[in-house]
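**Student:** Counting from 1, position 257 in the sequence shown corresponds to residue 275 in the numbering used here; the numbering is continuous, with no gaps.
Glycine included, every Cβ here is placed at the ideal spot set by N, Cα and C.
Please read these numbers as outputs of a predicted model, since none were measured by experiment.
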Amino acid sequence: MEITAAVLEEYHQPLRVQSLEIDEPRAGEVLVRTVATGVCHTDAIARDQDLPFPVPGVLGHEGAGVVEAVGDGVTKVAAGDKVVVGWPWCGVCRNCLAGRQRYCAQMPPMVTSGARPDGTSALRRPGGSPVHSHFFGQSSFSTRLMTWERSVVKVADDAPVELLGPLACGLSTGAGAVFNALAPPAGSSIAIFGTGAVGLSALLAARERGCTRIVAIDKVAARLSLATEFGATETIDAGGTDPVDALRELTGGDGVDFTLECTGNVAVLRQAVDALAMPGVCGVIGGAPAGAEFSLDHLTVLWGRTVRGILGGEGQSEQLIPALIDLQRLGRFPFDRLVEYFELDEVNEAMEASARGEVIKPVLRMPE
Ligand SMILES: NC(=O)c1ccc[n+]([C@@H]2O[C@H](COP(=O)([O-])OP(=O)(O)OC[C@H]3O[C@@H](n4cnc5c(N)ncnc54)[C@H](O)[C@@H]3O)[C@@H](O)[C@H]2O)c1
Ligand SMILES: [Zn+2]
Ligand SMILES: [Zn+2]
């Protein structure tokens, strides 16, 4: 089938929108007509070669749409079902069997190899050579995407599917980090470093959990204002203030119970650890440049503090995505306010607008 997709031809270069062909779904696969897809900072990281993904290939990992066809053995969804396409997982490794799907042992190749496990791609140039597919098991910057039955989360027939793609990664990542990983008790304090789509989702979840001190830290004034509207009790402009000093002052010298690093900058990660109370927990979410390392004062960690990487908000897409849809419907997770729509052929503008801090969550609408 002929489709239109934004192809990463060369690293560090703009994506090129063009015609490709996509396979028919094989056993266990689901072909989805993409209605819209979120753009996550991780797409830019892959474009810039800080996350491995082979070229030429199609990025995008926050797809939502309508099932067009299913392969043999697929029973979870059928043609016509509306779906959000979540992170892939194999279902049979020890971590999947233990219910820890985000740490599926097969996850690295499933998200970055650019192919199915047998090495074949679902995409090719018209009549020609393969183009890498299956970025995060989906490659959603495309009018059709191929994924696995396990990845899709069916949503209601009347769900606003055009809006829901960002729940597949960025919004689940922030909210899930708080709901599933940090699980702060009522009355605790949390500082969120970086209030992009991920950080603001974490903030909304922290409010739901009953955190009574929620400090938002960013360099973009508009994001800090939105953070205040979303429930931040204090904000810190990292452009003019040292966040560690400011957080110690706010807490009478104690530091905060929980911090979340949502910028991808290891200098900020150091701040997020140094601002912790004893025995606090720092969640590491941001994706730093390839090979980045960080150092900590040994005593900081020895004295009971935890530094914890958190992938995709942990938990399971099947649980988290419907919960966030319900919370949005109830007015308690207004992520629709973060979204600005672009057309597929504006993909590079969308990525640049996000990088400049002008748009929090770009969503690409697909042509019919
Ligand atoms: N761990 C995961 O599973 C996972 C999943 C999705 C995204 N991510 C990563 O999470 C990070 C956040 O994603 P996003 O989509 O919200 O990105 P974003 O670019 O929209 O947000 C990052 C925010 O950090 C702010 N910032 C930059 N430098 C800062 C500094 N020195 N101090 C304070 N704030 C600063 C920016 O102004 C921006 O608002 C990215 O690095 C992304 O790659 C990780
Ligand atoms: Zn697995
Ligand atoms: Zn992402």
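Closest to LYS379 by C-alpha separation, out of GLY333, PRO184 and ALA223, would be which residue?
**Tutor:** Position 361 of the sequence shown holds residue 379. The candidate whose alpha carbon is nearest that of LYS379 is PRO184.
**Student:** For ALA23, which three-state DSSP category applies?
**Tutor:** The residue you call residue 23 lines up with position 5 of the sequence shown. If DSSP states are grouped into helix, strand and coil, ALA23 belongs with the strands.
**Student:** Let me make sure I understand the geometry here. Which of ILE40, THR52, GLU27 and MET19 has the alpha-carbon closest to that of VAL381?
**Tutor:** Numbered from 1 along the sequence shown, position 363 holds the residue referred to as residue 381. Comparing Cα-Cα distances from VAL381 to each of ILE40, THR52, GLU27 and MET19, the minimum goes to THR52.
**Student:** Provide the residue(s) that pair with PRO148 in DSSP beta bridges, ordered along the chain.
**Tutor:** The residue given as residue 148 occupies position 130 in the sequence shown. In DSSP, PRO148 forms a bridge with ARG142.
**Student:** Look at the alpha carbon of ARG374 and the alpha carbon of ALA240, and state the distance between them as a whole number of angstroms.
**Tutor:** Working through the sequence shown from its first residue, we reach residue 374 at position 356. Working through the sequence shown from its first residue, we reach residue 240 at position 222. Their backbone Cα atoms lie some 12 Å apart in a straight line.
**Student:** With DSSP as the reference, please indicate the residues paired to SER160 in a beta bridge.
**Tutor:** Mapped onto the sequence shown, residue 160 falls at position 142. Its beta-bridge partners are ALA23.
**Student:** Does PHE351 come out as helix, strand or coil in the three-state DSSP assignment?
**Tutor:** Numbered from its first residue, the sequence shown carries residue 351 at position 333. Residue state, collapsed to three classes: coil.
**Student:** Is there at least one Cβ from chain B nearer than 9 Å to GLU247's Cβ?
**Tutor:** No chain B appears in this structure, which consists of one protein chain only.
**Student:** What number of angstroms, rounded off, separates the C-alpha of PRO307 from the C-alpha of VAL149?
**Tutor:** Looking up residue 307 in the sequence shown gives position 289. Looking up residue 149 in the sequence shown gives position 131. C-alpha separation (whole angstroms): 25 Å.
**Student:** Name the DSSP beta bridge partners of ILE235, please?
**Tutor:** Taking the first residue of the sequence shown as position 1, residue 235 is located at position 217. According to DSSP, which records beta bridges pairwise, ILE235 is partnered with PHE211 and ILE254.
**Student:** Can you give me the start and stop residues for the alpha helix (DSSP H) that LEU287 sits inside?
**Tutor:** Here the question's residue 287 lines up with position 269 in the sequence shown. LEU287 -> alpha helix (DSSP H) spans 284 to 292.
**Student:** Taking 9 Å as the threshold (C-beta atoms), are PHE276 and GLY257 in contact?
**Tutor:** Mapped onto the sequence shown, residue 257 falls at position 239. Mapped onto the sequence shown, residue 276 falls at position 258. Not a contact, by the Cβ cut-off of 9 Å.
**Student:** At a cut-off of 8 Å, would you count PHE154 as near ligand 3, judging by its Cβ distance to the nearest heavy atom?
**Tutor:** Sequence index remark: in the sequence shown, residue 154 carries index 136 (1-based). Correct: PHE154 has its Cβ closer than 8 Å to ligand 3.
**Student:** So, helix, strand or coil for PHE197, using DSSP?
**Tutor:** As a first step, residue 197 must be located in the sequence shown, where it is residue number 179. Three-state result, PHE197: helix.
**Student:** Using 9 Å as the threshold, is the C-beta distance between GLU47 and VAL102 below it?
**Tutor:** The sequence position of residue 47 within the sequence shown is 29, counting from 1. The sequence position of residue 102 within the sequence shown is 84, counting from 1. Going by C-beta atoms, GLU47 is not nearer than 9 Å to VAL102.
**Student:** With a CB to CB cut of under 6 Å and the five nearest residues on each side skipped, what residues in its chain are close to ILE328?
**Tutor:** Along the sequence shown, one-based indexing puts residue 328 at 310. Hits under 6 Å: ALA195, ALA199, GLY301 and ILE303.
**Student:** Is it buried or exposed for SER147, if we count other Cβ within 10 angstroms and need 16 for buried?
**Tutor:** Residue numbering aside, residue 147 sits at position 129 when the sequence shown is read from its first letter. Burial call: exposed.
**Student:** What residue from ALA62, MET384, ARG143 and LEU278 has the CA that sits closest to ALA201's CA?
**Tutor:** The residue given as residue 201 occupies position 183 in the sequence shown. Among ALA62, MET384, ARG143 and LEU278, the Cα nearest to that of ALA201 belongs to LEU278.
**Student:** Please determine if the region 60 to 70 and the region 104 to 117 are in contact, where contact requires at least 3 C-beta pairs separated by less than 8 Å.
**Tutor:** No: the two stretches stay apart, fewer than three of their Cβ pairs being nearer than 8 Å.
**Student:** When every heavy atom of ligand 1 is checked, does at least one fall within less than 8 Å of the C-beta of LYS237?
**Tutor:** Along the sequence shown, one-based indexing puts residue 237 at 219. Yes, the Cβ of LYS237 comes within 8 Å of a heavy atom of ligand 1.
**Student:** Considering only DSSP beta bridges, list what GLU361 is partnered with.
**Tutor:** Here residue 361 refers to the residue found at position 343 when the sequence shown is read from its first residue. Answer by DSSP bridge pairing, in chain order: ARG383.
**Student:** Classify MET125: buried if its beta carbon has 16 or more other beta carbons within 10 angstroms, exposed otherwise.
**Tutor:** Locating residue 125 in the sequence shown gives position 107, where the first residue counts as 1. Classification of MET125: buried, given that the 10 Å Cβ count is 16 or more.
**Student:** Go ahead and pull the three-state DSSP assignment for GLU42.
**Tutor:** Mapped onto the sequence shown, residue 42 falls at position 24. Correct three-state label for GLU42: coil.
**Student:** Is the Cβ-Cβ distance between ARG162 and ASP90 less than 9 Å?
**Tutor:** For the purposes of this step, residue 162 is taken as the residue at position 144 of the sequence shown. For the purposes of this step, residue 90 is taken as the residue at position 72 of the sequence shown. Cβ atoms of ARG162 and ASP90: not closer than 9 Å.
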